[in-house]
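Heads up: the structure comes next, in structure tokens.
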Amino acid sequence: MNKELEHSFVELLEKHQNIVHKVCRLYTNNYDAHNDLFQEITIQLWKAYPKFRGDAKFSTWMYRVGLNTAITLYRKSKRSIKTQDFEGVEFKIKAEDYDDTEEQQLKVLYKAVHQLNDIEKALVFLYLEDKDYREISETLGISEVNARVKMNRIKTKLRTILNP
Amino acid sequence: MDELDILKKDWNKGNDKYPKLSYNEIYKMILKKSSSIVKWIFIISILEFAFWLAISFSFKGTSYSGKLEALDINHILIPFSIISYGVLLYFFYLFYKNYKNISATDSSKTLMENIIKTRKTVKYYVIFNLVSLVIGAVIGALYGFNHNPEFSNKLDLATANGEVFKFYAVIIIVIILVLAVVIGVLLLFYWLIYGILLKRLNRNYKELKKLDA
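Chains B and H supply the protein sequences, listed in that same order. Quick note: the first sequence uses the numbering used here, first residue 1, plus one each step. Quick note: the second sequence uses the numbering used here, first residue 165, plus one each step.
So, in structure tokens, the structure goes:
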């Protein structure tokens, strides 16, 4: 890989790094795990960069590689598993946690989203990023109709988590 | 306004709450090595190919191989070796081709399918080797029964003592037990390694397939 390619890639990633941070925020829950995943996504983006033709937006291309790394390629490191693995932990949100104040409400909402499975999180991520169902379906490789149906189910599931 | 719309408002306004990595910090990251499952699958698969190749090489020059040579069964062994290496090359080509198709820029479903396909190529190769092992053991035993003078002497002795049935039964049981142990250990090994490595991928692939069912 030549220096010019390295430079253009790092510059673009520096500019759009929030997309990667947002993926890490949904899929991890502590600083070490966040950094581990960020690192792996960066490597995967870099590996795929020579084939990036610029016919898609760099940010759109990043969504795909970022989510694919989080859902499929990333192997949790030992230090991440110790404190970050949600999969085996079922924590119910108590009704009193659901406060009216905005900040508290958001905290509870993020906590609820963390209880979703990897695929559901991916749909939520793309929804939060304001992607339409066509793009969601193309990114995940499912039909547009099914992406829509699943999104509605996720909303219902979130409501159930929040109001058990 | 539903829950996700409340979240969306916050999601898009708080861009300054994330860490801001510098150019140099990102640059250092691209120089590091990946620890993705694809890299591990590649390493383990190469080790598997090397393992079976090493087995076939280490077998040569052993006392057992000397005994086989004494039996003069080159007309069986040579075609058998040619077929084995041919199959190895074929599987390795398929494996490499599938591995090269894995791309993080594909859709999630396609990416998962390509990883599973690559993995399956090596799995089929291992199955081929295990089946060859069983067939080889059976052919070897049958050939030994008919052509090995050492075996004929022992058989004559057993016949004289009226223990022919016992003699055959012991040999067959020993062969079955050895094969069962070898296959059992290998299967346990695979189940452990790939069970752990691909647990998440399989779960997510199932979920995606369920969505499109």
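From the three backbone atoms N, C-alpha and C, an ideal C-beta is built for every residue, glycine too.
Report yes if the C-beta distance between residue i and residue j is below 9 Å; otherwise report no.
i: residue 291 of chain H; j: residue 279 of chain H; result: no
i: residue 185 of chain H; j: residue 17 of chain B; result: yes
i: residue 319 of chain H; j: residue 208 of chain H; result: no
i: residue 248 of chain H; j: residue 139 of chain B; result: no
i: residue 368 of chain H; j: residue 29 of chain B; result: no
i: residue 282 of chain H; j: residue 205 of chain H; result: yes
i: residue 375 of chain H; j: residue 72 of chain B; result: no
i: residue 129 of chain B; j: residue 19 of chain B; result: yes
i: residue 335 of chain H; j: residue 305 of chain H; result: yes
i: residue 186 of chain B; j: residue 270 of chain H; result: Outside the displayed span of chain B (1 to 164) sits residue 186 of chain B, for which this structure offers no information.
i: residue 339 of chain H; j: residue 240 of chain H; result: no
i: residue 133 of chain B; j: residue 171 of chain H; result: no
i: residue 47 of chain B; j: residue 198 of chain H; result: yes
i: residue 202 of chain H; j: residue 263 of chain H; result: yes
i: residue 10 of chain B; j: residue 219 of chain H; result: no
i: residue 241 of chain B; j: residue 297 of chain H; result: Limits of chain B in this structure are 1 at one end and 164 at the other, which puts residue 241 of chain B out of reach.
i: residue 295 of chain H; j: residue 259 of chain H; result: no
i: residue 60 of chain B; j: residue 135 of chain B; result: yes
i: residue 166 of chain H; j: residue 155 of chain B; result: yes
i: residue 22 of chain B; j: residue 125 of chain B; result: yes
i: residue 182 of chain H; j: residue 14 of chain B; result: no
Under 8 Å by Cβ, that's how I've got residue i and residue j pegged, so tell me the actual separation to the nearest angstrom.
i: residue 74 of chain B; j: residue 168 of chain H; result: Rounded, the Cβ-Cβ distance is 24 Å, inconsistent with contact.
i: residue 113 of chain B; j: residue 26 of chain B; result: 7 Å
i: residue 174 of chain H; j: residue 123 of chain B; result: The pair is not a contact, with the Cβ atoms about 18 Å apart (cut-off 8 Å).
i: residue 6 of chain B; j: residue 194 of chain H; result: 7 Å
i: residue 68 of chain B; j: residue 268 of chain H; result: 5 Å
i: residue 162 of chain B; j: residue 108 of chain B; result: 7 Å
I want to verify the contact list: residues of chain C whose CB lies under 9 Å from the CB of residue i, in sequence order.
i: residue 274 of chain H; result: In the structure shown, chain C cannot be found, because the protein chains are B and H.
Notebook entry, point to check: So, do the segment 212-222 of chain H and the segment 249-257 of chain H have three or more beta carbon pairs nearer to each other than 8 Å?
Noted result: Using a C-beta cut-off of 8 Å, the segment 212-222 of chain H makes contact with the segment 249-257 of chain H, since at least three inter-stretch Cβ pairs fall below that distance.
Note to self: With three or more beta-carbon pairs closer than 8 Å as the criterion, would you say the segment 272-286 of chain H touches the segment 321-336 of chain H?
What the structure shows: Flag = no, the segment 272-286 of chain H and the segment 321-336 of chain H do not touch.
Notebook entry, point to check: Given 8 Å as the limit, is there contact between the segment 32-44 of chain B and the segment 139-152 of chain B, that is, 3 or more CB pairs closer than that?
Noted result: No: the two stretches stay apart, fewer than three of their Cβ pairs being nearer than 8 Å.
Margin query: Extract the residue ranges of the beta strand (DSSP E) inside the segment 38-81 of chain B, only unbroken runs of 3 or more that lie entirely within it.
Written below: Unbroken beta strand (DSSP E) stretches of 3 residues or longer found wholly inside the segment 38-81 of chain B: none.
Next item on the list: Could you tell me which uninterrupted beta strand (DSSP E) segments, each at least 3 residues in length, are contained entirely in the segment 318-355 of chain H, listed from first to last along the chain?
Entry: Taking 3 residues as the minimum length, the segment 318-355 of chain H contains no beta strand (DSSP E) run wholly inside it.
Checklist line | Contiguous beta strand (DSSP E) assignments of at least 3 residues, all confined to the segment 237-269 of chain H | finding: List check, beta strand (DSSP E) in window: nothing returned.
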